[in-house]
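Novice:
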Amino acid sequence: LCSYFCDEGYAVPPLLEPHNQFSCSEDGSWDYKEDLLCLKTGCERPRLLKSSVLDCSESANVVGNWPAGTICNHICDKGFVIPQSQQQLNKIVCLNDGKWNETNNLQCVERRGPQLSQGCKDEVVVVDGRNVSFPVPVKAPTFRAFNGTHATVNCSPMEVATYGLQFIICDAVDSELGSKSSCAFNVTALAPGCAPFQSDPYSRVSCSVDRNTTGGWLHPVGDVCEYICHQHSYVIPQSKLDSAVKECLPNGSWSNEDFHLCEKQLAPVRESGCEDVRIGTDVLGNTTVPLPVFRTSSGQLVNATCVPETLPDFGNYEINCVVEDRELRSSASCAFKATLYPAFLNQAEVV
Numbered sequence: 001l002c003s004y005f006c007d008e009g010y011a012v013p014p015l016l017e018p019h020n021q022f023s024c025s026e027d028g029s030w031d032y033k034e035d036l037l038c039l040k041t042g043c044e045r046p047r048l049l050k051s052s053v054l055d056c057s058e059s060a061n062v063v064g065n066w067p068a069g070t071i072c073n074h075i076c077d078k079g080f081v082i083p084q085s086q087q088q089l090n091k092i093v094c095l096n097d098g099k100w101n102e103t104n105n106l107q108c109v110e111r112r113g114p115q116l117s118q119g120c121k122d123e124v125v126v127v128d129g130r131n132v133s134f135p136v137p138v139k140a141p142t143f144r145a146f147n148g149t150h151a152t153v154n155c156s157p158m159e160v161a162t163y164g165l166q167f168i169i170c171d172a173v174d175s176e177l178g179s180k181s182s183c184a185f186n187v188t189a190l191a192p193g194c195a196p197f198q199s200d201p202y203s204r205v206s207c208s209v210d211r212n213t214t215g216g217w218l219h220p221v222g223d224v225c226e227y228i229c230h231q232h233s234y235v236i237p238q239s240k241l242d243s244a245v246k247e248c249l250p251n252g253s254w255s256n257e258d259f260h261l262c263e264k265q266l267a268p269v270r271e272s273g274c275e276d277v278r279i280g281t282d283v284l285g286n287t288t289v290p291l292p293v294f295r296t297s298s299g300q301l302v303n304a305t306c307v308p309e310t311l312p313d314f315g316n317y318e319i320n321c322v323v324e325d326r327e328l329r330s331s332a333s334c335a336f337k338a339t340l341y342p343a344f345l346n347q348a349e350v351v
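For the sequence shown, the UniProt record's numbering begins at 1 and goes up steadily by one.
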């Protein structure tokens, strides 16, 4: 009784295995019932994907085939990935019929981030409370993802709730490739403009934008206006000079609310002093001039500055005094005579 034993990597097909025993008949012939043969076992090498290597649970046998039941996965090269929708196709098995349960749809593709196709540009929105009101939704940009699909985009913040400039950043995710991209832009919310303000009889208003050319009665955002006193002897007080220039802000208000700034440039008024005076002393060198007192337009009392300030020797002096109202940038002056004499003369007169 004889049987065939196949070499490693070969086997008698299962359907012929029952016939793999035969004997020598009395007539000197073998009683073959079927023509037996040894065929290669397992599966030939699976299809190789571009930009990948194979990782299999078993090694190939001596004839280069993988035994039935072997499980293989494709591992993409660095920078490449199998799309999420194809992940379930990546596990292939060598079946008993010597074939892999693989598909031609599997691929390793370059892992690129979503590509911006539309949007993500700075934008100006006029919020007038009629056609457009707060909060203003942010329009998300469009990103192209794998296979012509659109990426999922999330922006922060999703809406603009106040006037001014808002920085927007958007993240795009390609769920197929597990990649991300981002972009940023500005949304500036502006009011329609600022209400006009009138000059007073003593001033005129000069603006950087001619409203006649804008076709509206509002001052556009960014318009810069300045009060200029044009009547003689009228000025803007020193403490209000910064308020003379106003800018129309994005929220529709002026940068300051100080209007009608021009005031009459009144000179300080003398309250006391500045009259001829005689001063007696026994010691020369430390006699100071009595300073006149003036009242400014704001009611503040200030001392005048006089020349000379001191009387160094006996004699007659012409004293000239000046006082300044710093707020109105006005001044006043006066003059008087001072006589310095020895104090003992007063005693002689008394005796």
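Quick reminder that beta carbons are idealized off the backbone N, C-alpha and C, glycines included. If you're wondering where the values come from, they're calculated on a predicted model, not measured in any experiment.
Quick check on residue 351: buried or exposed, where buried means 16 or more other Cβ atoms within 10 Å of its Cβ?
Specialist: As a working mapping, residue 351 is identified with position 351 in the sequence shown. The predicted model places residue 351 with a pLDDT of 40, which falls under 50 and marks its position as unreliable; any figure quoted below should be read in that light. Burial call: exposed.
Novice: Taking the straight line between their C-alpha atoms, what separation do you get for residue 71 and residue 134?
Specialist: Residue numbering aside, residue 71 sits at position 71 when the sequence shown is read from its first letter. Residue numbering aside, residue 134 sits at position 134 when the sequence shown is read from its first letter. In a straight line, the C-alpha of residue 71 is about 59 Å away from that of residue 134.
Novice: Do you know whose CA, among 261, 150, 25 and 45, lies nearest residue 101's CA?
Specialist: Reading the sequence shown from its first residue, position 101 is the one you call residue 101. When only C-alpha atoms are compared, the closest one is 45.
Novice: Can you list, in chain order, the residues of its chain whose CB lies under 8 Å from that of residue 356, leaving out five sequence neighbours each side?
Specialist: No information on residue 356 is available, as it lies outside the stretch 1 to 351 that the chain covers here.
Novice: Just to confirm, are residue 119 and residue 250 a CB contact at a threshold of 9 Å?
Specialist: Here residue 119 refers to the residue found at position 119 of the sequence shown. Here residue 250 refers to the residue found at position 250 of the sequence shown. No; because the gap between Cβ atoms is not below 9 Å, this pair is not in contact.
Novice: For the candidate residues 66, 98, 60 and 50, whose alpha-carbon lies nearest to that of residue 78?
Specialist: Translated into the one-based positions of the sequence shown, residue 78 becomes position 78. Of the listed residues, the one whose Cα sits closest to residue 78 is 50.
Novice: Assuming residue 146 contacts residue 108 (C-beta within less than 8 Å), just tell me the rounded distance between them.
Specialist: In the sequence shown, residue 146 corresponds to position 146, counting from 1. In the sequence shown, residue 108 corresponds to position 108, counting from 1. Not confirmed; about 12 Å, so no contact.
Novice: Within its chain, find whatever has a CB closer than 7 Å to the CB of residue 341; leave out the 5 residues flanking it on each side and keep chain order.
Specialist: For the purposes of this step, residue 341 is identified with residue 341 of the sequence shown, where counting begins at 1. Result list for residue 341: 278, 280 and 314, in chain order.
Novice: Leaving out five residues on either side along the sequence, give the residues of the same chain with a beta carbon under 6 Å from the beta carbon of residue 154.
Specialist: For this step, residue 154 is matched to residue 154 along the sequence shown. Same-chain partners within the cutoff: 171.
Novice: Would the beta-carbon of residue 322 fall within 9 Å of that of residue 330?
Specialist: Within the sequence shown, residue 322 is the residue found at index 322, counting from 1. Within the sequence shown, residue 330 is the residue found at index 330, counting from 1. Contact flag unset, no.
Novice: At what residues does the beta strand (DSSP E) containing residue 57 begin and finish?
Specialist: Here residue 57 refers to the residue found at position 57 of the sequence shown. Here residue 57 belongs to no beta strand (DSSP E), and DSSP marks it neither H nor E.
Novice: Under 8 Å Cβ to Cβ from residue 217, same chain only, skipping five residues before and after it: list those, please.
Specialist: Looking up residue 217 in the sequence shown gives position 217. So the qualifying residues of the chain are 196 and 211.
Novice: In whole angstroms, what is the alpha-carbon distance linking residue 262 and residue 128?
Specialist: Translated into positions along the sequence shown, residue 262 becomes position 262. Translated into positions along the sequence shown, residue 128 becomes position 128. Rounded to whole angstroms, residue 262 to residue 128 spans 33 Å at the Cα level.
Novice: Leaving out the 5 sequence neighbours to the left and right, which residues in its chain are closer than 6 Å to residue 199 when beta-carbon positions are compared?
Specialist: Here residue 199 corresponds to residue number 199 of the sequence shown, with the count starting at 1. So the qualifying residues of the chain are 205.
Novice: So, does the segment 221–233 touch the segment 256–271, judging by three or more C-beta pairs under 8 Å?
Specialist: yes
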